[in-house]
Amino acid sequence: VSTQSTWDYFQMERYVYLFKEGSALMRSQLGIKGSRLCEMFKMGLPIPPGLIISTSACAKYFERNRSFESQLQEEMRDKLEIMEKSLYQKFGHERDPLLLSVRPGAAVQMPGIIKYISNVGLNDKSVNGLASKSTNELFAWNTYKKFIEDFSTAAMSVHPNRLQSIRNKFLRAKSLNNESDMAIDDIK
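Numbering (the working numbering), first residue to last: 3 to 190.
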């Protein structure tokens, strides 16, 4: 690596930080929740490893008409790879999936309903890995169903009432009273 490329790297604005790289002093870059997670992680509290997309990356996303910079994608891949190696799991892997929780944050308190998405990394194949690892197939498929619901409402702007309507129609068609009566094949 040349001296110039090393200098360019350190001059470049960073968009993604691992919990171990952030601090409370970085509140404006990492948001309130992000900076607090970094501090808790460094104190040794039982916080799983994670990463934070900076507030400036989010601002640029909106400035660029909702498009990601290649630098952000590259940093995400690099940080995700570090997490995968430290946890001995792979994002979306069929047998031992690394699952993430995506939570919004800001540099200032923002009251109201905060949407989040849990279990990012589950898909039609990795759900089988979760079932095998947890030894509970019903748990795995319920978790996958919850991920799809969270993603639909938070990322795709599907109204929760629409999902409830679909769920109710399915339950009536199967002559079931509620979701807890659903078998694994019903969830699939």
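Ideal Cβ placement from N, Cα and C applies to all residues, glycine included. The structure displayed is predicted, hence computed values, not measured ones.
- In this chain, Y146 is not harboured by any beta strand (DSSP E); it is covered by the alpha helix (DSSP H) spanning E139 to A156.
- Assignment of V129 by DSSP, reduced to helix, strand and coil, places it in the helix class.
- The stretch 39-118 is shown to contain whole alpha helix (DSSP H) runs of 4 or more residues at 57-65 and 72-89, in chain order.
- Taking E77 as the centre and dropping the five residues before and after it, the same chain places the C-beta of R16, Y17 and V18 closer than 8 angstroms to its C-beta, in chain order.
- CA-CA distance, G94 to R29, rounds to 30 angstroms.
- Per DSSP, reduced to three states, the secondary structure at S159 is coil, with no helix or strand assignment.
- Ranked by how close their Cα comes to the Cα of I186, the residues N144, E151, N180 and A157 have N144 in first place.
- For S30, the secondary structure class from DSSP, reduced to helix, strand or coil, is helix.
- N170 sits in a helix when the DSSP states are folded into three classes.
- Taking the CA atoms as reference points, N170 sits about 13 angstroms from I189.
- Contact check for S134 and R79: beta-carbon distance about 26 angstroms, past the 8 angstroms limit, so the pair fails to qualify.
- Assigned with DSSP and collapsed to three states, S25 falls in coil, not helix or strand.
- Residue burial is scored here from C-beta neighbours: F149 has at least 16 other C-beta atoms within 10 angstroms and is therefore classed as buried.
- Taken atom to atom, the span from the alpha-carbon of L89 to that of F141 is near 22 angstroms.
- Rounded to the nearest whole angstrom, the C-alpha separation of Q75 and F64 is 15 angstroms.
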